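Count along the sequence shown from 1, add 61, and you get the number used in my numbering.
Virtual Cβ for every residue (Gly too), placed ideally from N, Cα, C.
Quantities reported herein were computed from a predicted structural model and do not represent experimental measurements.
A quick write-up on the structure given underneath.
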Amino acid sequence: MDVRIEKTKKKLRDALKKLSRVQPIDQISVSRLCQEAKINRTTFYKYYAVPSDIEKELIDEALEEIAKTMHREEGTDIAVTIRLGLRLMIQEIGKEGVEYVSASVMEKFISSLWNPDVFRDGRMLYFIAGGTSAVVRHWLENPEIPEEQLAEELAEFIRALLSAEETADKE
Numbered sequence: 062m063d064v065r066i067e068k069t070k071k072k073l074r075d076a077l078k079k080l081s082r083v084q085p086i087d088q089i090s091v092s093r094l095c096q097e098a099k100i101n102r103t104t105f106y107k108y109y110a111v112p113s114d115i116e117k118e119l120i121d122e123a124l125e126e127i128a129k130t131m132h133r134e135e136g137t138d139i140a141v142t143i144r145l146g147l148r149l150m151i152q153e154i155g156k157e158g159v160e161y162v163s164a165s166v167m168e169k170f171i172s173s174l175w176n177p178d179v180f181r182d183g184r185m186l187y188f189i190a191g192g193t194s195a196v197v198r199h200w201l202e203n204p205e206i207p208e209e210q211l212a213e214e215l216a217e218f219i220r221a222l223l224s225a226e227e228t229a230d231k232e
């Protein structure tokens with residue numbers, strides 16, 4: 062990628078991270094984002110349609126990192142993977158930004174952990190993703206809960222749900 066494009070995208074990413082600390086990404090205007098990044102709107106529209114496209118790009122990259130790590134460390138425990146995922150998301154969009162991460166992003170994260178065939182249909186995946194998103198929001202509001210404990214609890218919930226689904230499939 063061209064160095065100028067990388068610099069422009071970095072400015073936009075940094076601006077989005079900063080602004081997402083004070084308001085949800087879907088409420089950040091292109092004008093405000095461009096003002097913070099010190100670029101013009103035309104430049105923004107060369108690369109993105111809306112500010113949330115930047116968030117999607119950041120999260121996609123974080124998910125790719127998680128997938129690479131999982132492939133390097135075959136058999137990695139789900140709690141370790143969840144902890145890694147949380148750290149990467151916080152690193153990429155900031156702890157405050159993670160608060161606004163939607164269930165659809167969690168759906169993508171959860172589906173990256175397993176082969177999609179694990180789920181009979183999308184309902185279990187949506188249920189897990191929505192619940193995970195809610196638990197992460199609760200954790201962000203209660204920072205006294207250690208990250209490791211959160212990851213282990215989420216892993217336990219997910220294992221139990223998948224186990225219940227496997228049992229239901231056998232019956």
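Contact annotation, K70 with I100: C-beta distance approximately 10 Å; criterion of less than 8 Å not satisfied.
Nearest neighbour of V196 by Cα position, chosen from A225, I143 and A110, turns out to be I143. DSSP, reduced to helix, strand and coil, places K99 outside both helices and strands of the structure shown, so it counts as coil.
Judged by DSSP in its simplified three-state form, Q84 adopts coil rather than helix or strand. I89 and P207 have their C-alpha atoms spaced approximately 31 Å apart. Take the alpha-carbon of R93 and the one of Q84: they are about 12 Å apart. The C-beta distance from M150 to A123 rounds to 6 Å, short enough to fall under 8 Å. E205 carries a coil assignment under DSSP once its states are collapsed to helix, strand and coil.
Annotated as distal: E125 and L77, with beta-carbon spacing of 8 Å or more. The same chain holds no residue with a CB closer than 7 Å to that of R148 once the five nearest residues on each side in sequence are set aside.
Beta-carbon to beta-carbon, F218 and G191 are separated by about 12 Å, too far to satisfy the 8 Å threshold. Taking A98 as reference, the option from D87, R74, S81 and R184 with the minimal CA-CA separation is R74. Assigned with DSSP and collapsed to three states, S113 falls in helix.
Taking S224 as reference, the option from S194, M185 and D121 with the minimal CA-CA separation is M185. Selection T103, Q96 and I139 evaluated against A221 yields I139 as nearest (Cα-Cα). When DSSP states are grouped into helix, strand and coil, D75 belongs to the helix group. Contact check for R102 against V111 fails: the beta carbons are separated by 8 Å or more.
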